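Enquirer:
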Amino acid sequence: MREISKVFFGYEGSLKKLPLLLLMMGLGVVNAQTYNIRGIVVDTADNPIVGVTIYLHETKSGATSNIEGWFEIKNVKSGTYHLHVKHLGFESISKNIKVINADVEINFHLKHATFEFEQILVESDMMRTGKIEQTQTIDVVNNDYLLKSSGVNLMQSLEKISGVTYISAGTGVAKPIIRGMGFNRIVTVDNGIVQDGQQWGSDHGLEIDQFGIGRVEILKGPASLVYGSDAMGGLLNLKPLPLPMQGKLAGAFVTSGQSNTNLYAASLMLEANKNGVFFRTRASVREYADYKVPADSFSFNRYVFPLYNNSLKNTAGKEEALSFTGGINKSWGVTQITASAFRQWAGFFPGAHGRPNINLLQNDGNNRNINYPYQYVEHLKISSNSSVLFKKNWLEIDLGVQQNLRKEKEELHTGVYLPSYKTADEALKLVLHVASSTIKYHLNVNEKWQHVFGLSAKRKENKIAGYSFLIPAFSVTEGGIFIFSEYRKSEKITFSGGVRADGGLTNISAYTDTIYSKELLPIFFMERSRSFNRSFSNLSTSFGFSWVTNAWFNIKFNIGSSFRYPTVAELASNGLHHGAFRYERGYANLKSERGYQTDLNVTFQKKQVMFRVTPFFNYFSNYIYLAPSGKYATAAEGGGQIYNYKQGNVFFTGYETDVDIHIHHRWHLGLIHDFVYNYNFSTSLPLPFSVPSSVTLEKEYTLVKEFKRFSDLYIGLDSRYVFAQNRVERNEKITPQYFLFNFSMGSTFLIGKQEVIFVFQVRNLLNQKYFNHLSFYRPLNLPEPGRNFTISLKIPFTIINSKPQ
Amino acid sequence: MITKAIASIFLITLPVLIFSCKKEKADTEKPKITVNAPVEDAAYKVGETIPFDATFSDNIELSEYAIDIHSAAGHGHGRLMNTNEWDEEINGNLTGILQVVKRNIVVPTGADTGSYHFIVTCLDKAGNEADFAEVDFKIIE
Numbered sequence: 001m002r003e004i005s006k007v008f009f010g011y012e013g014s015l016k017k018l019p020l021l022l023l024m025m026g027l028g029v030v031n032a033q034t035y036n037i038r039g040i041v042v043d044t045a046d047n048p049i050v051g052v053t054i055y056l057h058e059t060k061s062g063a064t065s066n067i068e069g070w071f072e073i074k075n076v077k078s079g080t081y082h083l084h085v086k087h088l089g090f091e092s093i094s095k096n097i098k099v100i101n102a103d104v105e106i107n108f109h110l111k112h113a114t115f116e117f118e119q120i121l122v123e124s125d126m127m128r129t130g131k132i133e134q135t136q137t138i139d140v141v142n143n144d145y146l147l148k149s150s151g152v153n154l155m156q157s158l159e160k161i162s163g164v165t166y167i168s169a170g171t172g173v174a175k176p177i178i179r180g181m182g183f184n185r186i187v188t189v190d191n192g193i194v195q196d197g198q199q200w201g202s203d204h205g206l207e208i209d210q211f212g213i214g215r216v217e218i219l220k221g222p223a224s225l226v227y228g229s230d231a232m233g234g235l236l237n238l239k240p241l242p243l244p245m246q247g248k249l250a251g252a253f254v255t256s257g258q259s260n261t262n263l264y265a266a267s268l269m270l271e272a273n274k275n276g277v278f279f280r281t282r283a284s285v286r287e288y289a290d291y292k293v294p295a296d297s298f299s300f301n302r303y304v305f306p307l308y309n310n311s312l313k314n315t316a317g318k319e320e321a322l323s324f325t326g327g328i329n330k331s332w333g334v335t336q337i338t339a340s341a342f343r344q345w346a347g348f349f350p351g352a353h354g355r356p357n358i359n360l361l362q363n364d365g366n367n368r369n370i371n372y373p374y375q376y377v378e379h380l381k382i383s384s385n386s387s388v389l390f391k392k393n394w395l396e397i398d399l400g401v402q403q404n405l406r407k408e409k410e411e412l413h414t415g416v417y418l419p420s421y422k423t424a425d426e427a428l429k430l431v432l433h434v435a436s437s438t439i440k441y442h443l444n445v446n447e448k449w450q451h452v453f454g455l456s457a458k459r460k461e462n463k464i465a466g467y468s469f470l471i472p473a474f475s476v477t478e479g480g481i482f483i484f485s486e487y488r489k490s491e492k493i494t495f496s497g498g499v500r501a502d503g504g505l506t507n508i509s510a511y512t513d514t515i516y517s518k519e520l521l522p523i524f525f526m527e528r529s530r531s532f533n534r535s536f537s538n539l540s541t542s543f544g545f546s547w548v549t550n551a552w553f554n555i556k557f558n559i560g561s562s563f564r565y566p567t568v569a570e571l572a573s574n575g576l577h578h579g580a581f582r583y584e585r586g587y588a589n590l591k592s593e594r595g596y597q598t599d600l601n602v603t604f605q606k607k608q609v610m611f612r613v614t615p616f617f618n619y620f621s622n623y624i625y626l627a628p629s630g631k632y633a634t635a636a637e638g639g640g641q642i643y644n645y646k647q648g649n650v651f652f653t654g655y656e657t658d659v660d661i662h663i664h665h666r667w668h669l670g671l672i673h674d675f676v677y678n679y680n681f682s683t684s685l686p687l688p689f690s691v692p693s694s695v696t697l698e699k700e701y702t703l704v705k706e707f708k709r710f711s712d713l714y715i716g717l718d719s720r721y722v723f724a725q726n727r728v729e730r731n732e733k734i735t736p737q738y739f740l741f742n743f744s745m746g747s748t749f750l751i752g753k754q755e756v757i758f759v760f761q762v763r764n765l766l767n768q769k770y771f772n773h774l775s776f777y778r779p780l781n782l783p784e785p786g787r788n789f790t791i792s793l794k795i796p797f798t799i800i801n802s803k804p805q
Numbered sequence: 806m807i808t809k810a811i812a813s814i815f816l817i818t819l820p821v822l823i824f825s826c827k828k829e830k831a832d833t834e835k836p837k838i839t840v841n842a843p844v845e846d847a848a849y850k851v852g853e854t855i856p857f858d859a860t861f862s863d864n865i866e867l868s869e870y871a872i873d874i875h876s877a878a879g880h881g882h883g884r885l886m887n888t889n890e891w892d893e894e895i896n897g898n899l900t901g902i903l904q905v906v907k908r909n910i911v912v913p914t915g916a917d918t919g920s921y922h923f924i925v926t927c928l929d930k931a932g933n934e935a936d937f938a939e940v941d942f943k944i945i946e
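Chains A and B supply the protein sequences, listed in that same order.
My numbering puts the first residue of the first sequence at 1, with every later residue one more than the last.
My numbering puts the first residue of the second sequence at 806, with every later residue one more than the last.
1. Got a sec: is the Cβ-Cβ distance from GLU845(B) to anything in chain A below 7 Å?
2. Which whole runs of the beta strand (DSSP E) in the region 422-457 of chain A are 3 residues long or more, in chain order?
3. Could you tell me whether the Cβ of ILE791(A) comes closer than 7 Å to any Cβ of chain B?
4. From what residue to what residue does the alpha helix (DSSP H) around TYR227(A) run?
5. Give the residues of chain A in contact with SER862(B), contact being defined as C-beta atoms less than 8 Å apart.
6. Per DSSP, what are the beta-bridge partners of ILE750(A) in this structure?
7. Pull up the DSSP beta-bridge partners for ILE297(A), would you.
8. Determine whether the beta carbon atoms of GLY746(A) and LYS292(A) lie at a separation below 7 Å.
9. Name, please, each residue of chain A whose Cβ falls closer than 7 Å to the Cβ of ASP858(B).
10. Name the chain A residues that come within less than 9 Å of ASN933(B), Cβ to Cβ?
11. Which residues share a DSSP beta bridge with GLU934(B)?
12. Which chain A residues sit within Cβ distance under 9 Å of LYS930(B)?
13. Provide the residue span of the beta strand (DSSP E) that contains TYR374(A), from first to last.
14. For ARG179(A), which three-state DSSP category applies?
15. Does DSSP put ASN184(A) in a helix, in a strand, or in coil?
16. Could you check the C-alpha separation between ASP941(B) and GLY919(B) for me, to the nearest Å?
17. Restricting to Cα atoms, I'd like to know which of PRO628(A), VAL659(A), ASN589(A), SER537(A) is closest to THR614(A).
18. Where does the unbroken beta strand (DSSP E) through ASN554(A) begin, and where does it stop?
19. Would you kindly report the start and end of the unbroken alpha helix (DSSP H) that includes GLN136(A)?
20. Could you tell me which residues DSSP puts in a beta bridge with ASP599(A)?
21. Using three-state DSSP, classify PRO522(A) as helix, strand or coil.
22. Under a CB-based cut-off of 7 Å, is ASP936(B) close to chain A?
23. Run the proximity test for GLY932(B): is its beta-carbon closer than 6 Å to any non-hydrogen atom belonging to the ligand MN?
24. Below 8 Å on the Cβ atoms is my guess for LYS248(A) versus ASN273(A); work out the distance and round it to an integer in Å.
25. Which bits of chain B does ALA635(A) rub up against, with CB to CB less than 7 Å?
26. Quick check on ILE186(A): buried or exposed, where buried means 16 or more other Cβ atoms within 10 Å of its Cβ?
27. Which term fits THR438(A), buried or exposed, when burial requires 16 or more other beta carbons within 10 angstroms of its beta carbon?
28. Does the CB of GLN608(A) have a neighbour CB from chain B at under 7 Å?
29. Below 8 Å on C-beta distance, what does GLY639(A) contact in chain B?
30. Which residues in the same chain as ASP892(B) place their Cβ atom closer than 8 Å to its Cβ, once the five residues preceding and following it in sequence are excluded?
31. Rounded to whole angstroms, what's the CA-CA distance from GLU755(A) to LEU389(A)? Just pull it up for me.
32. Looking at chain B, is there any beta carbon in it that lies within less than 7 Å of the beta carbon of ASN301(A)?
33. Can you tell me whether GLN362(A) is buried or exposed? The criterion is at least 16 other CB atoms within 10 Å of its CB, across all chains shown.
34. Do the region 671-678 of chain A and the region 633-649 of chain A meet, that is, are 3 or more Cβ pairs less than 8 Å apart?
35. To be precise: take each residue of the region 341-369 of chain A, compare its Cβ to all Cβ atoms of chain B, and keep it if any distance is under 8 Å. Which residues remain?
36. What residues in its chain sit with their C-beta under 6 Å from that of LEU432(A), if we drop five residues either side in the sequence?
Okay, here's the thing in C-alpha cells:
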C-alpha cells in the first residue's frame, strides 16, 4: 500500500496538471463550427453496401452505411483526418481527407476481398496508413485471435507469428523476442506508454494483464525513430479494445481453464459510452499450480534428480489485475486516462537458484503453494492518451507514470548475518518510478505529403533494497526530438523517412555492502558500485518505400540506423545473478549500441493465395554482451564465475516466410517459417539465446458456417517443427530439435439469446518430452510442459442499448 | 525486378557469411575434473584433515578451481543463522593443460556433525566451465 501512495505523491504535480492541460486544448476549439462528411458506399457493380463502418481515426467517431449505402458522420470540425472504411468481405480503404469550412461528400467503391485477406489498419505505423502503404513489416492480431490461441501467457498466444518468440521462466513469465532480439532491445507499448520494468533479466516477464488487450501490433525491425533507445529490435504494441459504442452499457466475461497447471483464469469487463463520455473497467485473476512434464526425473551434470508427481516443484503462480479507463470523445478529439494495477507472484524451481540439490527437490506435498525462491512484482501505471485538433491538424499526447516493484524472495544463505532492519527473506527489492511523455504533431500538407513532428521525454528512478546486491540505485533522464515524413508519389509508390536526435543522462549511485559477523558487528565493507554519471547522445535515421508493382505484388524496403543506451545493469551490475549462477559485472565506460538495419518485404497475393518473404540484415557496432572471464568471484562477493559486460560488432540476418492458402472455402492452410542467424565478431561465437529456426503448418477446417444455434464451428491441427540449435555461446547447452502437434476447435453458439464463444485446445497433443532453447530452465535439462488441454469461454453481454442500430 | 531485389539481399549477406566462416574457431571445450580424494561417503572427525587430491585438465589452458564445502542439510535455504555448520569456499589458480592439486583441508573445530557436500568446479582461460564434481562426506563425533 505504501508503494501505491508513493507513486501518487511522487508524481502528484504532473498528474494534477494533466486534466487542466487537456481542458485548455479542448477549450481552444470548443466554439468552432462543425460540418458533416457524407456519401455512398457501393461495390464494384455499383450495388449499395449496407453496414459498412466509416470512421475517423482521430476522433474515433463514425457512422454505418444504411440499406442505400448512405452514411453521414456528423459534428466534424475543420481539419485533416484519416478516414477508414471497412466491412467484412471487402477490402478496407484508408484515405486522408480535409474538411475546410464546408461539408464533405465522398463516395467509396469497395472491392470484394479474397477470404480473410482484408486490409487491416495499423496504428503502430506512424502515418496511420494502410498495410500496403506502410514501409515496415507489421503483423496485427486482434482479441479474437488471442482468445483462439490462448496460451499459458501472452507470448505463447503469439508464438505462431513468424519472427516472434519468447524467453520463458516457467508458466507466468515470458518476454518477447522479435527476429532474435529481446530484453532491452524490444519495446513493449501498452496503452501508448512504453512498459518499463526491469527488462534486463531473463526471469522478468511482461507484467501486463493479457485479458485487457484488444489487439497486438508487432513491428519487426527498428522502431527507434518513434520510441528512441531500446526499440532497435522491434515493437510489441498492445492496443486496448475499440471505444465502447455510443449509448451502450455492455461488458464481457472471459474464463479459461488449463489441465497441465490446473490453471484457472477469469476476467470481467464493463464499459459504457453516453454522449461521448465513456469508461471501461476490468478485473482479472489467474492462478496456476506447478507445471507437469512428461518425465519423472532430470539429469544435470552427471546426476539424476527426481521430479515428484511429474511436476516442477514451486513453479506455481498467481496474477491479479485491475484497470479503469475513462474519457471523452468529441468533435475536437479524444482524451482518455487509464489506471491499471498488476500483481504477480511467480515461484521458481528451487534447483534453478544455485546448483540443483536433492534436498531442495523433495516433494512438498502441495502443487499450488508458492515457496522460496519466488518473485513478487507489482506494476502500477497511469496513462493519458489524447488526440486533439489543433490548427486543423492533430496533436497527439501520451503521458504516463509507472511504478514497478520487484521483490525476489529467497531465504538467507548460510554464513550471512543481517541486522534486523534488513528482511531475512528479501534478496532483492527494486522500485522503479517512471514518468514519460510523447507529443506528436501530425501535419497533413496535401494529399501527397504528411509530416509528424515529435518530442519525447522520460525520467526513471530506481531504488534498491534487499540483502543481495545486483544493480545500484540510479536515475535516468532522456529525451528525443524527431521528424518523420511520408510522400505518396502515386497510388503505387509511397516513400517515408525520418531523423531523430536523442540525449540522455544516467546517474548511478554508490553502494557499499557491509558484511556482518555472527554478533552483527560489521566485519568489512565492500564497494559494489561507485557513484558516476554518463551522458549519451545519438542520431538515427530511416528511409523506406512501399511499391505496389501490380495487383499482386507489394515490395517494401527499409534501411535505417538505430541505437540503444547501455542499461544500468550493463554499466554497473556487480553481483551474483542467482538465476544464472554467475557473477555479473558491469562496465562503466560502455558506449551506446549502434544498429544499421535493412529489410525487405515481398508479398504476393492473388485470390486464395498469399505468400510473403521478409529477409533482413542487421549489423550492430558496440553491441553489449556478457563474456566469461575465466575467474571466480570471491566467496565474500558471492562466488560464481565472473562475467563481464563487453562490446563488440555483431550481425544478425534471417527471414520469415508466410504462406496462406484457402484451397476451399472451408479449408485453410498456413505455413509459417522463420530463421535467424547471428554472429559475434569479438568472440567468434553466436550470441546466447539464439532463436532456433521453426516451421509451423496449420490446417483448419470449418465444419459449420451457420447452422441453427452454431456458427463458425472449426477444427484445426498445427504441426510445429523446431530445428535443433547447435550454434551456442560458451557454456550454453545445445538443444535438440522437436516436433509438436496442437489441436484446436471452437465455435460461437447461442444459449437462448446469449452469444457464447467457445475455444478448446490441446497443446503438445502427443505429450512429447522436449527442451526449449529459450527457457530459463534449459541449463538444468528441465523438459517443457506436457500435454495441456485448454478451454476458454467468452460471454459478451449488453445491459443497456439505448440506440439500437 | 523482384528477383533482382531478392538476389541483391543475398549478395549483401553472402560476403559476411563467407567472412565469418574464415574466422578461427573459438575454444568452447570444457575443462575436466577428476576427484581422487576425498572418496564418496568418507567420514571425518572435527579437527581431522581431509586430503584433497584432484586432477584438472583442459585442451588449451586452465585458469582456476574452486572447492565449495557446505552442509547437505539445506544449501542455504531454510537455514537457521546461529548454527555452526561448516561453510567454506577455497579458490586456487591453475596453469597448463594438466594439473594435479593436492592440499590438506582441516575440519574446523566446533563444526556441526552431519552430512556435507564437497563440490569442485573449474574454469579454463576462455571461461569454459567444467561439469562440477560432487563428493558427499560426513562429519562425525
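Note that the Cβ used here is the ideal one computed from N, Cα and C, for glycine as well.
Note that the coordinates shown come from a computational prediction; the quantities given were computed from them, not determined experimentally.
Expert: This is what the structure gives:
1. GLU845(B) does not count as touching chain A.
2. Runs of the beta strand (DSSP E) inside the region 422-457 of chain A: 426-444.
3. no
4. Start and end: 224-227.
5. Here the premise fails: no neighbours, minimum Cβ distance about 15 Å.
6. Correcting the residue identity first, residue 750(A) is Leu in this sequence and not Ile. In DSSP, LEU750(A) forms a bridge with GLU755(A).
7. With the sequence shown as reference, residue 297(A) is identified as Ser, and Ile is not the correct amino acid for it. SER297(A) is bridged to PRO306(A).
8. no
9. Residues of chain A passing the Cβ test: none, with the nearest at roughly 19 Å.
10. Residues of chain A passing the Cβ test: PRO628, GLY630, ARG730, ASN731.
11. LEU928(B)
12. Contact note: LYS930(B) reaches chain A through GLY630, using a C-beta cutoff of 9 Å and chain order.
13. 374-390
14. ARG179(A) carries a coil assignment under DSSP once its states are collapsed to helix, strand and coil.
15. helix
16. 11 Å
17. VAL659(A)
18. 553-564
19. Premise fails: GLN136(A) is in no alpha helix (DSSP H) and is neither H nor E.
20. ASN558(A), PHE616(A)
21. strand
22. True, the Cβ-Cβ gap to chain A drops below 7 Å.
23. For the ligand MN, the structure offers nothing, since it holds no ligand at all.
24. 6 Å
25. GLU894
26. Per the 10 Å Cβ criterion, buried.
27. buried
28. no
29. ALA871, ASP873, GLU894
30. ILE874, HIS875, SER876
31. 39 Å
32. yes
33. exposed
34. No, they do not touch.
35. Hits within the stretch, in order: PRO350, GLY354, ARG355, ASN357, ASN359, LEU360.
36. ASN404, ASN462, listed in sequence order.
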